[in-house]
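K.L.:
Residue numbers (my numbering), protein chains in the order written: chain B, 1 to 421; chain L, 1001 to 1421.
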């Protein structure tokens, strides 16, 4: 196949006709495919059903997890997440079913009161928040909703563009940054050691600047080869600013989305401050569910063995997408995509101005993709190029069909654009 | 026995010596009793262990509760709580493990944005919140923490003093009122029909005034004879202000405290507004736990049967306290107490200025009571008279000992006070 950009107008029109015919064929199939959200498939959920056999709700220290109390989490859950997060148990707070909710509470806390070392309420300061983009739409929404100005930072294969970050954080109004450091959403990039160290060391205008380190995919490998990143709390401590890091993780994509356990780690000073401010909000989190998870997964060895079972289901789905993109799109020279070692997504980058149209065409043929632009602050991709692909939920056969359809739609959108120029 | 107030000084001194000797006997026993918190006892928790056998996590409509989605709650859970709250399923939002957390979110939402029909952020208005006292300390703390001025309203056996409430709510800065309408904490009073109707009908200065109707003990009867209250949402609707009522309930003291399910009901306009604003905070609540509860309890008939098992455990404990108070305190004429048909508490009212000293003396002998004053805004009882008694957690024998000790301490505190006058 000729690369599209080298085609004559007539060749393009002929090719467009071919692709439109292919699209029509797809439309006739009456497909209903969904590659829009990072949801585990039903067979992945089944992997955790053994957890329901747990009857061991009294902790090793004698605490009955069935009753009120222990806002900070069950002692054994703190030990479990300390290992997962790379911190000491006393630096860990184990919460409820949602790490997003935990992060929301932490941004809200900063908005209302600021953090230790700061000058009080962030909101009083017309605050800004750094959003490496493309990134996780629900992160950006939290800070937008709570009244922060979102500042876009370009995302590189090594993490956020640190030259730009270091410049921006000198502004006292910049209070924090969103990070998904391992297998970023949606690109699947992992932060380089240099990026982590520069984040830990950089001079910030706000004395209570916080890094929201959402290690959402810390055990979610797609490939046998794993990316490895530095520990942000350790690096901040080494740089003399241990209060800077707020690290989060979740078992939602280890066991059951929305019915699992979230936790965070930070300096003891931060954790003390946070627990004091969580206290007015509730009596205690669901400690029975904490116990259930620790009983089932035991420790990081247990988690790793469990995640290998997920990987066996997920890897072929990523492969199906990648094989199709390579076969159908590479020859046309009209797109690039990422090929991550883990996480829940990959990014497809179309030619500028083609992402929205591609997503629209897919939808017309029955395949729902994440809305184009969703991975950017306020839902606007300045290049209209990024499409987030979530291959985990549909079946392998559905993934194959959806990927083929996606390639057809990218081609049509690109040809339409080239012909309109 | 002579009433203390009719005693001569010498008689009082002799009686004080007797009671101090009795206290010393108690101290020798090295007791460790706790009547401070409204916690179910371990045998009450055991009543729900059958719930753990639930394996039915796919809803009647085909929704897999194990995965993300359905922020508003599982359809069957909305039906269940609609019956419990006396509302339509579409007026119900089923949340996570904590009704206190749900109420916190609702106060916070008003603080930030106000409610439909209002002029925006309550916080912009130096807001006040009505606190019928004695009441639930954790309610008062939520509004205190979020920056409201707490306005105390006297609590009567028929509910808050409505003459005072109707006067206060004319102030535009008064944004809401805390209510535990059935078996109030700590008195165990239930709102009269007149109180409910006046709350629904009263003219308020704030056009988005909200009644926080925490029906925490809606199925928690201690006696075979049940108190019955009107439905606040119905009454508000009848009065032409259906948006005024936010009704909450929880299964924490039906199944497992902190590991159960909370829900709320309100007008559809309120629920729509609330869900829109919960959306940025998390992806979904723990729907598996919602399913587990509906599977186990089934409907209100199932709940009633289950609560009868609780009642069989709780009623003798309330009786043990009341019998002891009647036997040891009534003849001295130095205290009064409530005798509720349900809930988790009863109130003991000492002579003015004796509550703190009583609690202190109990503590010295190894019995922890709720801090005197805890049931009042900012933890200050203006009469230093109210002591909240929580008889559910300790064993029957412990309750008997703690009640005896309590009576001795009330006597000593009262005699000390009378002798000092």
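Here a beta-carbon is modelled for each residue, glycine too, at the ideal position from N, C-alpha and C.
Just so we're clear, the structure is a prediction, and the values are computed from it rather than from any experiment.
#1: So residue 1145(L) contacts chain B; which residues on that side make the cut at Cβ distance below 7 Å?
#2: Excluding the 5 residues preceding and the 5 following residue 1116(L) in the sequence, name in chain order all residues of the same chain whose CB lies nearer than 8 Å to its CB.
#3: Please classify residue 1060(L): is it buried, with 16 or more other beta-carbons within 10 angstroms of its beta-carbon, or exposed?
#4: Between the Cα of residue 102(B) and the Cα atoms of 55(B), 261(B), 114(B), which residue gives the shortest distance?
#5: Please state if the CB of residue 34(B) and the CB of residue 368(B) are separated by a distance shorter than 8 Å.
#6: Pull the bridge partners of residue 1386(L) from the DSSP assignment, please.
#7: Taking the alpha carbon of residue 136(B) as the point to measure from, which residue in 389(B), 337(B), 251(B), 118(B) has its own alpha carbon closest?
#8: For residue 1110(L), does the three-state DSSP call read helix, strand or coil?
#9: Would you grab the beta carbon distance between residue 1070(L) and residue 1287(L) for me? Rounded to a whole angstrom, and I think it's under 8 Å.
#10: Along the stretch 258–287 of chain B, what residues have a CB closer than 9 Å to any CB found in chain L?
#11: Let me see if you follow: with CB-CB separation under 8 Å, is residue 1289(L) close to chain B or not?
#12: Quick one: is residue 97(B) near chain L, going by C-beta distance under 8 Å?
#13: Contact check, residue 1341(L) vs residue 1225(L) under 8 Å by CB: the rounded distance?
#14: Less than 6 Å between C-beta atoms, sequence neighbours within five positions excluded: which residues of the same chain meet that for residue 158(B)?
#15: Under 7 Å Cβ to Cβ from residue 251(B), same chain only, skipping five residues before and after it: list those, please.
#16: Against chain L, does residue 376(B) count as a neighbour if the rule is that its beta carbon must be under 8 Å from one of theirs?
#17: If you draw a straight line from the alpha carbon of residue 121(B) to that of residue 110(B), how long is it in whole angstroms?
#18: Classify residue 1008(L) as buried or exposed, calling it buried when 16 or more other Cβ atoms lie within 10 Å of its own Cβ.
#19: Count the other CB atoms within 10 Å of the CB of residue 1323(L); is the residue buried (16 or more) or exposed (fewer)?
#20: Which partner residues does residue 250(B) have in the DSSP bridge list?
#21: Along the alpha helix (DSSP H) that carries residue 1075(L), what are the first and last residues, could you check?
#22: Using alpha carbons as the reference points, say which of 5(B), 189(B), 290(B) lies closest to residue 74(B).
#23: Need the endpoints of the alpha helix (DSSP H) that residue 12(B) sits in, please.
#24: Would you list, in sequence order, the uninterrupted alpha helix (DSSP H) runs of no fewer than 4 residues that lie entirely inside the stretch 279–311 of chain B?
#25: Roughly how many whole angstroms lie between the Cα atoms of residue 1398(L) and residue 190(B)?
#26: Helix, strand or coil: which one does DSSP assign to residue 245(B)?
#27: If you draw a straight line from the alpha carbon of residue 202(B) to that of residue 275(B), how long is it in whole angstroms?
#28: Could you tell me which chain L residues have their CB closer than 9 Å to the CB of residue 55(B), listed as they occur along the chain?
#29: Closer than 8 Å by C-beta to residue 15(B): which residues in its own chain qualify, once you throw out the five before and the five after it? Chain order, please.
#30: Return the residues of the stretch 28–41 of chain B that lie within a Cβ-Cβ distance of less than 8 Å from chain L, sorted by chain order.
#31: Report yes if the CB atom of residue 112(B) is closer than 8 Å to the CB atom of residue 123(B), and no otherwise.
#32: Pull out every residue of the stretch 1101–1135 of chain L whose Cβ sits closer than 7 Å to any Cβ of chain B, in chain order.
#33: If you follow the alpha helix (DSSP H) that residue 1138(L) is part of, which residue opens it and which one closes it?
#34: Could you check what DSSP says for residue 64(B) in three-state terms: helix, strand or coil?
#35: Could you name the residues of the stretch 1059–1088 of chain L whose beta carbon sits closer than 8 Å to any beta carbon of chain B, in the order they occur along the chain?
#36: Compare the C-alpha of residue 1220(L) against each of 1040(L), 1017(L), 1024(L) and name the closest.
P.N.:
According to the structure shown:
#1: In the second chain, residue 1145(L) corresponds to position 145, counting from 1. Those within 7 Å of residue 1145(L) in chain B are 280.
#2: Numbered from 1 along the second chain, position 116 holds the residue referred to as residue 1116(L). Cβ neighbours of residue 1116(L) beyond the five flanking positions: 1208, 1243, 1269, 1270, 1273.
#3: Numbered from its first residue, the second chain carries residue 1060(L) at position 60. With fewer than 16 other Cβ atoms within 10 Å, it is exposed.
#4: Your numbering for residue 102(B) matches position 102 in the first chain. For the residues 55(B), 261(B), 114(B), the minimum Cα distance to residue 102(B) belongs to 261(B).
#5: For this step, residue 368(B) is matched to residue 368 along the first chain. For this step, residue 34(B) is matched to residue 34 along the first chain. Closer than 8 Å, so yes.
#6: By one-based count along the second chain, residue 1386(L) stands at place 386. DSSP output for residue 1386(L) lists 1349(L) as bridge partner(s).
#7: Against the first chain, residue 136(B) aligns to sequence position 136. Minimum Cα distance to residue 136(B) is reached at 389(B).
#8: Within the second chain, the letter at position 110 stands for residue 1110(L). Note: residue 1110(L) maps to helix in three-state DSSP.
#9: The residue given as residue 1070(L) occupies position 70 in the second chain. The residue given as residue 1287(L) occupies position 287 in the second chain. With 8 Å as the limit, residue 1070(L) and residue 1287(L) qualify as a contact, their Cβ atoms being about 6 Å apart.
#10: 258, 259, 260, 277, 279, 280, 281, 282, 283, 284, 285, 286, 287
#11: On the second chain, position 289 is the one that residue 1289(L) refers to. Yes, its Cβ sits closer than 8 Å to a Cβ of chain B.
#12: As a first step, residue 97(B) is located in the first chain; it is residue number 97 there, counting from the start. Yes, residue 97(B) counts as interfacial toward chain L.
#13: In the second chain, residue 1341(L) corresponds to position 341, counting from 1. In the second chain, residue 1225(L) corresponds to position 225, counting from 1. About 6 Å separates the two Cβ atoms, so the contact holds.
#14: For this step, residue 158(B) is matched to residue 158 along the first chain. Closer than 6 Å at the Cβ level, and outside the excluded window around residue 158(B), lie 192, 195.
#15: Sequence index remark: in the first chain, residue 251(B) carries index 251 (1-based). So the qualifying residues of the chain are 260, 261, 293.
#16: As a position in the first chain, residue 376(B) is number 376, starting the count at 1. No, because no Cβ of chain L sits closer than 8 Å to the Cβ of residue 376(B).
#17: Against the first chain, residue 121(B) aligns to sequence position 121. Against the first chain, residue 110(B) aligns to sequence position 110. Near 6 Å, if we compare the C-alpha coordinates of residue 110(B) and residue 121(B).
#18: Numbered from 1 along the second chain, position 8 holds the residue referred to as residue 1008(L). Exposed, by the Cβ-count rule.
#19: The count along the second chain starts at 1 and reaches residue 1323(L) at position 323. It is exposed - the Cβ of residue 1323(L) has fewer than 16 other Cβ atoms within 10 Å.
#20: Taking the first chain and counting its residues from 1, one reaches residue 250(B) at position 250. Note: residue 250(B) sits in a beta bridge opposite 262(B).
#21: To locate residue 1075(L), count along the second chain from 1; it is residue 75. Start and end: 1075–1085.
#22: Along the first chain, read from residue 1 onward, the residue named residue 74(B) stands at position 74. Residue 74(B) has its Cα closest to that of 290(B), out of 5(B), 189(B), 290(B).
#23: For the purposes of this step, residue 12(B) is identified with residue 12 of the first chain, where counting begins at 1. Per DSSP, residue 12(B) belongs to the alpha helix (DSSP H) from 9–28.
#24: 287–297
#25: As a working note, residue 1398(L) is residue 398 in the second chain. As a working note, residue 190(B) is residue 190 in the first chain. Distance between the alpha carbons of residue 1398(L) and residue 190(B) is about 58 Å.
#26: On the first chain, residue 245(B) is found 245 positions in, with the first residue counted as 1. Strand at residue 245(B).
#27: In the first chain, residue 202(B) corresponds to position 202, counting from 1. In the first chain, residue 275(B) corresponds to position 275, counting from 1. Distance between the alpha carbons of residue 202(B) and residue 275(B): 27 Å.
#28: Reading the first chain from its first residue, position 55 is the one you call residue 55(B). 1049, 1052, listed in chain order.
#29: Position 15 of the first chain, counting from 1, holds the residue named residue 15(B). Correct list, in chain order: 4, 7, 411, 415.
#30: 37, 39, 40
#31: Residue numbering aside, residue 112(B) sits at position 112 when the first chain is read from its first letter. Residue numbering aside, residue 123(B) sits at position 123 when the first chain is read from its first letter. Contact: yes.
#32: 1101, 1104
#33: Walking along the second chain from the start, residue 1138(L) turns up at place 138. 1137–1145 is the span of the alpha helix (DSSP H), which, as asked, contains residue 1138(L).
#34: For the purposes of this step, residue 64(B) is taken as residue 64 along the first chain, with counting starting at 1. It is a strand residue.
#35: 1064, 1065, 1066, 1067, 1068, 1069
#36: Position 220 of the second chain, counting from 1, holds the residue named residue 1220(L). Comparing Cα-Cα distances from residue 1220(L) to each of 1040(L), 1017(L), 1024(L), the minimum goes to 1040(L).
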